[in-house]
Amino acid sequence: MYYEIRRYQAQPGRREEWVRYMEDVVLPFQTSLGMDVTASFIDDEDEDGYVWIRRFENEAHSEALYAAVYQHDRWKNEIGPVVHGLLIPEKTLVTRVAPTPASPLR
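End of the sequence shown = 133 in the working numbering, gap-free, step of one.
1. Under 8 Å by Cβ, that's how I've got R33 and T119 pegged, so tell me the actual separation to the nearest angstrom.
2. Taking the straight line between their C-alpha atoms, what separation do you get for V121 and W79?
3. Kindly indicate which three-state DSSP category T58 falls into: helix, strand or coil?
4. Hey, how far is the Cα of R82 from the Cα of P55?
5. Between T58 and the rest of its own chain, which residues show a CB-CB distance below 8 Å, the 5 nearest in sequence each way excluded?
As structure tokens, then:
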């Protein structure tokens with residue numbers, strides 16, 4: 028099992044709008060397709076920063092979920108374009124982490 032920590036940079040001054048869209052549209056859509064979203068945060072030290080965490084059982088699980096979400100017509104035609112308009116895609120940082128033996132997230 029592993030987690031994916033995703034750090035996004037909203038377009039300047041648009042983080043509130045991004046968080047609303049993420050919570051009202053993106054998260055419900057992804058979870059409806061089986062994505063396990065563990066957490067969602069705003070960055071207290073960066074007025075346009077946002078972080079969220081997803082959990083995967085293994086590589087095959089993540090590949091299947093990525094395909095289900097990002098190849099879906101609704102993502103390609105509706106959600107994805109809005110996401111790309113609200114964020115600065117080239118500033119996205121994705122880190123893959125595995126919990127240690129004593130981690131409560133194990």
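Where a beta carbon is used, it is the ideal one built from N, C-alpha and C, also for glycine.
Inspection of the coordinates gives the following:
1. 7 Å
2. 10 Å
3. helix
4. 15 Å
5. V64
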